[in-house]
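Chains as they are written, first to last, in this note's numbering: chain A, 689 to 1000; chain B, 165 to 382. Below is one structure, written out as structure tokens, with a few remarks after it.
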Amino acid sequence: MLNILRAGLMTSVQDRGRHGWRQYGISLSGALDEPSMRTANMLVGNAENSAVLEIVLGQFKAEFRRDGWFALTGASCSAELDGQPVWTGWRLPVKKGQVLSLSMPTRGMRSYLAVNGGFAIDAMLGSHSTDLKAAFGGWQGRKLQDGDQLPLGKPTRRFGHRAGVRQLLWGNRIRALPGPEYNEFTHDAQDAFWRNPWQLSPQSNRMGYRLQGSPLQRSVARELLSHGLVPGVVQVPPNGQPIVLMADAQTTGGYPRIACVIEADLYQLAQIRLGEPIHFIRCTLEEALLAKQQQQRSLDQIAWGLAHEDRS
Amino acid sequence: MQRARCYLLGERAVVLELEPPVSLVSQQRIWGLCQRLQQNEQIAEVIPGMNNLTLLLRDPQLKALDAIERLQRWWEESEVLLAEPRQVEIPVVYGGAGGPDLAEVARAADLTSQQVVELHSSADYVVYFIGFQPGFPYLGGLDERLHTPRRAEPRLVVPGGSVGIGGSQTGIYPLAAPGGWQLIGHTPLSLFDPQQQPPTLLRPGDSVRFVPQREGVC
């Protein structure tokens, strides 16, 4: 059992998301920083798609009600286990009764907490992710509250020692491909999109990141019919302020799509703080596919390194 | 045959977009194509939209660009899916607390509330696709006299089960959400239940009829 003493701003149960249900209007959900989520699971020997806690901006406290191992990844935040420092990107042992507390991160937005054995929560529609809008999945279909008691799964592995990995780095240069309606925007708008910094608005959430900057004008007034949406799509509503769709985005929409953030860079958005600037970098399909391959290779190396270390 | 444009959206999604106008026949072909694509190993998901469909490749590293050409060909070979349409009746309490905008819709259409209910409940609607919310049906077939602009001030919370009109569309909100549609009634029916298989009451191609309940205007 994990006893939540302080749930923080927004802590939710997430995995890689609910794939295959968008034709029913059901959003993807899932960890916004997928590499960090997977890394946390690898560290504690769980399947990569096991449920973890996504903790936004720290300020979280929980008591372990059994012995085990845990890992914290993602945002750089000072965390402590009964007063002893906890390093992000490390697997550490924990004894029953010990309290893990996270303070506000110095860098980044989201921390991921994985526990060896995972959380013993039923999957819904094939996923443990919380669908916060439709209020199902995860822990009672909602963000965690103080006093929640999350059942933990049986530990599947024993570890002899602590282990740490080099996590993926993140920055604010986000690569994107031009979207289907890119050419319907004025030349000035196209230039501005790539050249100007965009401020991440406080109204951003897991559905969409709202960006602030000089409004983007379209040169065509054509209304679009509703079409399927995927995370990463950058849509521009009539006010000209772009929105990057994130994991909880609705499944269909009708705003023009100026660009699409490449999959390999979505996790970086997950860690950018509200109010910070974002730069979009235009890239090609080949670069996007290569970036994804490289990211997978980095994660494979982490997994390999851990497997090697555990054997030695 | 209606011309189609195929393109990539990001690196994983391939979109087939038909030229206007929207028609039931081409939407039926989209349903047919969606069904066929779902059986393809290389395709992870298919999302039908209005006059378009979006498919997600399982592994975009395998020649994302080829997929565009293939989708175009599949469209050309596709057939209208004319499965026996399921008839779904939706009981609705029109007006009152669950339909606060019924009088407004009547005023805009220069009709009485009773006439609005009669028009709204005498048509057979077709589910074109599901989107926006789990189980939210985009319905075709609203009588032109009932086309009503969305509210100038969207509501912060539209209760789940609300039946509304937004422009030329009518639909049902399965879950509470912010929304700008004019609300004319409320159904006690659940349109989304993640415990059920399938989790939504309605599917593309279904035929829907609203049945006025005695507790409301009828």
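Even for Gly, the Cβ is constructed at its ideal location relative to N, Cα and C.
Under the assumption that residue i contacts residue j (Cβ atoms under 8 Å), give the Cβ distance between them as a whole number of angstroms.
i        : j        : result
GLU243/B : ARG167/B : Not quite, the Cβ-Cβ distance comes to about 17 Å (not below 8 Å), so this is no contact.
LEU801/A : VAL740/A : 6 Å
LYS821/A : SER914/A : LYS821/A to SER914/A, Cβ: 18 Å. No contact.
HIS707/A : ALA208/B : 7 Å
ASP307/B : LEU283/B : 5 Å
VAL372/B : VAL256/B : No, VAL372/B and VAL256/B are not in contact; Cβ-Cβ is about 11 Å, not under 8 Å.
PRO358/B : LEU813/A : 6 Å
MET797/A : LEU745/A : 6 Å
LEU266/B : VAL381/B : 6 Å
ARG863/A : ALA935/A : Not confirmed; about 18 Å, so no contact.
SER907/A : GLU872/A : 6 Å
ARG200/B : TRP238/B : 7 Å
Rounded to a whole number of angstroms, what is the C-alpha to C-alpha distance between residue i and residue j?
i        : j        : result
VAL290/B : ARG910/A : 25 Å
ASN691/A : GLU233/B : 54 Å
TYR337/B : PRO301/B : 8 Å
ASP834/A : GLN747/A : 12 Å
LEU978/A : CYS948/A : 16 Å
GLY916/A : LEU275/B : 36 Å
GLN989/A : LEU856/A : 11 Å
MET214/B : LEU303/B : 10 Å
GLY825/A : ASP721/A : 19 Å
THR364/B : GLY771/A : 49 Å
LEU220/B : VAL787/A : 43 Å
GLN206/B : SER332/B : 37 Å
LEU840/A : VAL924/A : 42 Å
ALA759/A : TRP778/A : 6 Å
ARG845/A : SER738/A : 14 Å
VAL327/B : GLU241/B : 38 Å
TRP757/A : GLU736/A : 16 Å
LEU693/A : ALA808/A : 19 Å
GLN225/B : LEU320/B : 42 Å
SER815/A : ARG795/A : 29 Å
ALA995/A : LEU769/A : 25 Å
LEU899/A : PRO793/A : 22 Å
TYR292/B : PRO843/A : 47 Å
ALA880/A : GLN983/A : 29 Å
GLY236/B : GLN191/B : The identity of residue 236/B in the sequence shown is Gln, whereas the question assumes Gly. Those two C-alpha atoms are separated by around 16 Å.
SER986/A : LEU246/B : 48 Å
In chain B, which residues lie with their C-beta within 7 Å of the C-beta of residue i?
i        : result
MET812/A : PRO358
ALA976/A : GLU175
HIS707/A : ALA208, GLU209
Are the beta-carbon atoms of residue i and residue j separated by less than 7 Å?
i        : j        : result
PHE155/B : GLN938/A : Not covered by the structure: residue 155/B. The range shown for chain B is 165 to 382.
TRP882/A : ARG970/A : yes
ARG314/B : GLY325/B : no
GLY705/A : SER817/A : yes
VAL701/A : ASN804/A : no
SER277/B : PHE374/B : no
LEU217/B : LEU180/B : yes
GLY305/B : ALA287/B : yes
THR312/B : GLN346/B : yes
GLU342/B : PRO318/B : A small fix is needed here, since residue 342/B is Pro in this sequence, not Glu. Cβ distance < 7 Å, so PRO342/B and PRO318/B count as in contact.
GLU964/A : LEU888/A : yes
ARG250/B : ASP370/B : yes
ALA767/A : VAL774/A : yes
TYR258/B : GLY349/B : yes
PRO184/B : CYS198/B : no
GLY299/B : GLY713/A : yes
THR761/A : SER724/A : yes
TRP858/A : GLN929/A : no
Residues of chain A with CB under 9 Å from residue i, in chain order?
i        : result
PHE296/B : GLY713, SER914, GLN938, THR939, THR940, GLY941
THR364/B : TYR712, GLY713, ILE714
LEU339/B : LYS821, ALA822, ALA823
VAL179/B : PRO868, HIS915, GLY916
Taking C-beta pairs closer than 8 Å, name the residues in chain A that residue i reaches, listed in chain order.
i        : result
TYR171/B : PRO868
THR334/B : The contacting residues do not exist; THR334/B stays about 15 Å from chain A at best.
ALA228/B : LEU973, LEU977
ASN204/B : Residues of chain A passing the Cβ test: none, with the nearest at roughly 13 Å.
VAL322/B : The contacting residues do not exist; VAL322/B stays about 13 Å from chain A at best.
Please list, in chain order, the chain A residues whose beta carbon lies closer than 7 Å to that of residue i.
i        : result
THR218/B : HIS915, GLY916
Going along chain B, which residues have a C-beta under 8 Å from residue i?
i        : result
GLN878/A : Simply none; closest approach about 17 Å.
ARG945/A : LEU173
Residue i versus chain B: which residues are under 9 Å apart at the beta carbon?
i        : result
GLN981/A : GLN225
GLU951/A : GLY174, GLU175, ARG176, PRO224
LEU865/A : LEU172, LEU173, GLY174, GLU175
Compute every distance between the C-beta of residue i and the non-hydrogen atoms of the ligand PLP, then say whether any falls below 6 Å.
i        : result
LEU962/A : Judged by which ligands are present, the structure shown has none, so any question about the ligand PLP falls away.
*asked:* When you compare the stretch 888-901 of chain A with the stretch 842-854 of chain A, are there three or more beta-carbon pairs, one atom per stretch, that lie closer than 8 Å?
replied: no
*Stretch-stretch touch, CB-based, cutoff 8 Å, three pairs: the stretch 912-925 of chain A with the stretch 949-963 of chain A*: yes
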